[in-house]
Structure formats: C-alpha cells, structure tokens
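Working notes, structure below.
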Amino acid sequence: MPNGYTGKILRVDLSSGKSAIEEPAENFYRKYFGGDGFVAYYLLKEVPQGVHPLSPENKLIFAAGPLTGVPVGGCGRHSVGAKSPLTGAFGEAESGGYWGAELKMSGFDAIIVEGKAERPVYLFIEDGQAQIKDARHLWGLKTLECQNRIREELADPGIKV
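If you count by this note's numbering, then the sequence shown holds residues -18 to 142, one letter each, in order.
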C-alpha cells in the first residue's frame, strides 16, 4: 500500500443497515490519488446517469488524501462529494479541521454512504469497525444537545461528533 493510506474504504448501506470494508488494490491509490480522486471515481462509476440527486441511489462520499492527518499546516483537508441537488451534476467540496484526520485515524481512507434509512440513524466508527445506531431519541435536539447526548450515551466525553 502506498504510504499515507490505510488501504480500507468503509461502505455504509443505510437501506440494509449494514456496512462493509473494502480494500482496493494498490494501483487504485496510485491512479485516483487522494480525496478528490476517490470521490470522482466512485461517483462516476457507481451513480447511474439520470439518478435524482435526493434518491437513495445517489452516494455521499467522504474521502481523505495521503497527507490528511499529518501534523503539518494544510494537511487536515478532506473531500465530500455527491450528485448535487443544486446542479444535478458532480458536486464536491473540501473542508479542513479535525474531521479528515479522525477519518484516517479511524482506519479508513474514505466512507461511501448509500441507500436510505427507515428511521433516524447515526454512524459510529471505532477501532476500524462501524455501527449504524438508532438516532430517534436525538431527533429535534439542537446541535450541542445532540453532541452531548451522544457523548453521554457512548460514555466518552472526548468523542468527536
């Protein structure tokens, strides 16, 4: 595996409530280098032409590059992409902060979210494993209240929400 990658991509299917870990070949990482490349590859390969952006067939992809998480300025970036409801075309954005580094530290280079949950859920990732958890009790809470409730529920005041 090229340096800077975990070699694992998490696929979350909200419709079935299941997740799976994929391990792409090394040439995938060399060819689609980093967050933007991963987002573009999966959107173009897996989202059928003509799919409505708000349908369960669309994908929401979070991806980090090889330098994400390195303790150097500018290395906290990650990419997020999907078929855009605004334009109906490829939509991608980048963000900074701790999220990209936490993604890499959780053991994954990317997360692909697909499908539609029947009820409110959230994704809990710890030690390279993922769980889809019921979030009905969080519905309607303000952001800070929701974050605090999850921290209490998981008995971890330092957890990133």
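Cβ coordinates follow ideal geometry from the N, Cα and C atoms, glycine included.
So, is residue i buried or exposed, given that buried needs 16 or more other C-beta atoms within 10 angstroms?
i, result
"Lys(-1)", "exposed"
"Arg(-8)", "buried"
"Glu4", "exposed"
"Leu84", "buried"
"Glu95", "buried"
"Gly81", "buried"
"Val53", "exposed"
"Gly139", "exposed"
"Gly46", "buried"
"Leu25", "exposed"
Near residue i, which residues of its chain fall below 8 Å by C-beta distance, leaving aside the five closest residues on each side in sequence?
i, result
"Glu126", "none"
"Lys(-11)", "Ile2, Glu3, Glu4, Gly88, Phe89, Asp90 and Gly109"
"Ser65", "Pro34, Phe71 and Gly72"
"Tyr79", "Gly57 and Lys141"
"Leu135", "Phe105"
"Thr124", "none"
"Glu157", "Lying before the first or after the last residue shown, residue 157 is absent from the chain, which here runs from -18 to 142."
"Thr(-13)", "Lys85, Gly88, Phe89 and Asp90"
Thinking C-alpha only, which one of the options is nearest residue i?
i, options, result
"Thr49", "Leu24, Gly72, Ser76 and Val28", "Ser76"
"Val102", "Gly121, Lys85 and Leu67", "Gly121"
"Leu67", "Gly139, His33 and Gly78", "His33"
"Phe(-15)", "Gly31, Val51, Leu24 and Gln30", "According to the sequence provided, residue -15 is Gly. The question's Phe does not apply to it. Gly(-15) has its Cα closest to that of Val51, out of Gly31, Val51, Leu24 and Gln30."
"Ser(-3)", "Gln112, Asp137 and Arg132", "Gln112"
"Asp(-6)", "Asp137, Thr124, Glu133 and Lys97", "Lys97"
"Ala74", "Asn129, Val20 and Phe9", "Val20"
Who are the Cβ neighbours of residue i in its own chain at under 7 Å, not counting the five residues just before and after it?
i, result
"Gly69", "Pro34"
Ordered along the chain, which non-local residues of its own chain (more than five positions away) have a Cβ less than 6 Å from that of residue i?
i, result
"Tyr22", "Tyr13"
Three or more C-beta pairs below 8 Å linking the stretch 29 to 42 and the stretch 51 to 66: yes
List, from N- to C-terminal side, the alpha helix (DSSP H) runs of 4 residues or more that fit wholly inside the stretch 29 to 72.
none
Report yes or no: do three or more beta-carbon pairs, one from the stretch 12 to 21 and one from the stretch 110 to 117, lie closer than 8 Å? no
**OP:** Inspect the CB distances between the stretch 73 to 92 and the stretch 26 to 40 and report whether three or more fall short of 8 Å.
**Re:** no
Exercise. List in chain order: all unbroken beta strand (DSSP E) runs of 3+ residues lying wholly within the stretch 80 to 130.
Key: 91 to 95, 102 to 107 and 110 to 115
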